[in-house]
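Visitor: Under the numbering used here, residues -19 to 351 are what the sequence shown spells out, in order. Even for Gly, the Cβ is constructed at its ideal location relative to N, Cα and C. Just so it is clear, the structure is predicted and the values come from calculations on it, not from any experiment. Sharing a structure below in structure tokens format, with a few things to ask.
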Amino acid sequence: MAEIELKHVCKTYENGFEAVKDFNLKIADKEFIIFVGPSGCGKSTTLRMIAGLEDISGGELYIDGVKMNDVSASDRDIAMVFQNYALYPHMSVRKNIAYSLKIRGEKKDVIEQKVQEAAEILGLKEVLDRKPGQLSGGQKQRVAMGRAIVRNPKVFLMDEPLSNLDAKLRGQMRVEIASLHHRLESTFIYVTHDQTEAMTLGTRIVVMKDGVVQQVDTPQNLFRYPANQFVAGFIGTPPMNFMEGVFDYKNQQLAVRTNDGIAIPLTEEKVKHALERADVAGKAVVAGIRPEHLRLLKDGEEETAFISGEVDVYEMLGSEAIVYVKQPGNENRIIAKVDADTHLKPGDRIRLAFDLEKVHVFDKLTGQTIT
Ligand code: ATP
């Protein structure tokens, strides 16, 4: 069992900088939780407070109901895997993996058995006698994981463990970490600034900004129901398109009239939602639409709400293409995902229709989601 709870946890560094503010979260046993956010948002600081590597300035940390604020790192039954692996260069892979067991005074045959098990799980059997300098980045990463696994900790903490790997290897290791979580049945807390990593690995994701938790939810819910404009823009690639405008409310009909003169009518459900949450008439808002929710219109095809513009860049990704569209008098390009067989080229004039069910509206002033 490893249930972790943070109650009003905060961190103020000695220079007075508040890196983490009022962090509240309950992590269930065996969950795979991700802390994600831009550089400096306080994710590593939070992880290090859980590990016991950083003092907690305020609030409480519980593991399985026991307050941990003043328990030393070595007594927390937590294993941490760092970005730089922190391997001992003069020791073989076998000795690196065995190290924590050896200092714990485990018997030789127990150590060997655990090392073999970890090597089997991680595909390291062939390299057990090599030194870290003779390993690839991915192998070093797995040795670092091996060192954590043999300790059989209640909780695994990982701080950007894949950031030193190239894109392909990162993709492979991501799958391995997911499968490891499945097999070990431990609680994982994983820090990354990479939203793709967060979305593919986490059972729940904590999105942070400036030391403040913005939203805690499943990957799917973060994508579908972002709590605010920051989360909406951070989750999803390419990012959501934003268009500033005002609410236009007439005859029970509600639309966003963008500064570019596009009227985006809201669906009945969204109107109801918006009326419940905001004083709508004339309100300054930001409409958001994801690139995958814009559809290329054929010549002569009619639609109520669309953007027209000129193709600036067309990126062919193989299975799909990304088109960047310039609108007259607007510096921001609209991004759309289109079929790979559309064969657009720079200069083409196109129209993109909104999937009206998928339009988001944010309060321009506060950034909070209205609908
Ligand atoms: P990154 O992705 O860049 O690692 P992060 O979200 O993990 O970022 P933290 O390392 O938690 O961010 O740092 C949060 C903030 O606290 C940053 O603004 C950082 O500069 C600041 N900070 C970190 N350590 C200290 C320290 N010892 N003293 C003062 N400020 C610190």
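Taking C-alpha atoms, which residue in T176, A243 and D321 lies nearest to E283?
Guide: Translated into positions along the sequence shown, residue 283 becomes position 303. Considering only alpha carbons, the answer is A243.
Visitor: Using 7 Å as the cut-off, classify the Cβ of G17 as near or not near the heavy atoms of the ligand ATP, replying yes or no.
Guide: Reading the sequence shown from its first residue, position 37 is the one you call residue 17. Result yes, Cβ under 7 Å from the ligand ATP.
Visitor: Assuming I185 and I(-16) are in contact, meaning their beta carbons sit under 8 Å apart, how far apart are those beta carbons, in whole angstroms?
Guide: Locating residue 185 in the sequence shown gives position 205, counting from the first residue. Locating residue -16 in the sequence shown gives position 4, counting from the first residue. Not quite, the Cβ-Cβ distance comes to about 16 Å (not below 8 Å), so this is no contact.
Visitor: DSSP state of Y170, grouped into three classes?
Guide: Here residue 170 is taken as the residue at index 190 of the sequence shown, counted from 1. Note: Y170 maps to strand in three-state DSSP.
Visitor: Quick check on V90: buried or exposed, where buried means 16 or more other Cβ atoms within 10 Å of its Cβ?
Guide: Taking the first residue of the sequence shown as 1, we reach residue 90 at position 110. It is exposed - the Cβ of V90 has fewer than 16 other Cβ atoms within 10 Å.
Visitor: Per DSSP, which residues does E290 bridge with? Please list them.
Guide: Taking the sequence shown and counting its residues from 1, one reaches residue 290 at position 310. E290 is bridged to K306 and R329.
Visitor: From I7, M125 and C21, pick the residue whose C-alpha is nearest to that of V192; which is it?
Guide: Along the sequence shown, one-based indexing puts residue 192 at 212. The option with the nearest alpha carbon to V192 is C21.
Visitor: Looking at the structure shown, is I269 part of a helix, part of a strand, or coil, going by DSSP?
Guide: Here residue 269 refers to the residue found at position 289 of the sequence shown. The answer is strand: DSSP assigns I269 an E or B state.
Visitor: CB V187 to CB V211, shorter than 8 Å?
Guide: Stepping through the sequence shown from its first residue, residue 187 is reached at position 207. Stepping through the sequence shown from its first residue, residue 211 is reached at position 231. Against a cut-off of 8 Å, the Cβ pair of V211 and V187 comes out as a contact.
Visitor: Can you list, in chain order, the residues of its chain with a C-beta nearer than 6 Å to that of P219? Leave out the 5 residues immediately preceding and following it.
Guide: As a working note, residue 219 is residue 239 in the sequence shown. Cβ neighbours of P219 beyond the five flanking positions: G213.
Visitor: Between the Cα of I101 and those of L137, L67 and S159, spot the shortest distance and give me the residue it belongs to.
Guide: The residue you call residue 101 lines up with position 121 of the sequence shown. Looking at the Cα atoms, S159 is the closest of the given residues.
Visitor: Hey, out of T238, G262 and L332, whose CA is closest to R270's CA?
Guide: As a first step, residue 270 must be located in the sequence shown, where it is residue number 290. When each option's Cα is compared against that of R270, the closest is L332.
Visitor: Note down, one range per segment and in chain order, each alpha helix (DSSP H) of at least 4 residues found wholly within the segment 85 to 110.
Guide: 88 to 102
Visitor: Cβ of V107 versus every heavy atom of the ligand ATP: is any distance shorter than 7 Å?
Guide: As a working note, residue 107 is residue 127 in the sequence shown. The beta carbon of V107 sits no closer than 7 Å to any heavy atom of the ligand ATP.
Visitor: Between H173 and G280, what straight-line distance do the alpha-carbon atoms span, to the nearest angstrom?
Guide: Residue 173 sits at position 193 when you count from the first residue of the sequence shown. Residue 280 sits at position 300 when you count from the first residue of the sequence shown. Going from the Cα of H173 to the Cα of G280 covers about 43 Å.
Visitor: Counting along the chain, where does the alpha helix (DSSP H) carrying A261 start and finish?
Guide: Position 281 of the sequence shown, counting from 1, holds the residue named residue 261. Where A261 is concerned, there is no enclosing alpha helix (DSSP H), given that its DSSP letter is neither H nor E.
Visitor: Output the distance between the C-alpha atoms of G103 and S37, rounded to the nearest integer angstrom.
Guide: The count along the sequence shown starts at 1 and reaches residue 103 at position 123. The count along the sequence shown starts at 1 and reaches residue 37 at position 57. When rounded, the distance between both Cα atoms is 41 Å.
Visitor: Pick from N(-5), D190 and M138: whose alpha carbon is nearest that of G17?
Guide: Position 37 of the sequence shown, counted from the start, is the residue given in the question as residue 17. Answer by Cα proximity: D190.
Visitor: Verify whether the separation of the beta carbon atoms of L145 and G118 is less than 8 Å.
Guide: Looking up residue 145 in the sequence shown gives position 165. Looking up residue 118 in the sequence shown gives position 138. Result yes, Cβ atoms of L145 and G118 sit closer than 8 Å.
Visitor: Measuring straight from C-alpha to C-alpha, what distance separates M(-19) and H162?
Guide: Within the sequence shown, the letter at position 1 stands for residue -19. Within the sequence shown, the letter at position 182 stands for residue 162. If I take the Cα positions, the gap works out to 15 Å.
Visitor: Within 10 Å of its beta-carbon, does S299 have 16 or more other beta-carbons around it, so buried, or fewer, so exposed?
Guide: Against the sequence shown, residue 299 aligns to sequence position 319. Flag for S299 reads exposed.
Visitor: Look at L246 and A254 and say whether their C-beta atoms are less than 8 Å apart.
Guide: The count along the sequence shown starts at 1 and reaches residue 246 at position 266. The count along the sequence shown starts at 1 and reaches residue 254 at position 274. For L246 and A254, yes; Cβs fall inside 8 Å.
Visitor: Within 7 Å: the Cβ of V196 and any heavy atom of the ligand ATP?
Guide: Residue mapping note: residue 196 aligns to position 216 of the sequence shown, counting from 1. Not under cutoff, so the answer is no.
Visitor: According to DSSP, is M179 part of a helix, a strand, or is it coil?
Guide: The sequence position of residue 179 within the sequence shown is 199, counting from 1. Here M179 sits in helix by DSSP.
Visitor: Starting from F214, trace the alpha helix (DSSP H) in both directions and tell me its first and last residue.
Guide: For the purposes of this step, residue 214 is identified with residue 234 of the sequence shown, where counting begins at 1. Residues Q209 to F214.
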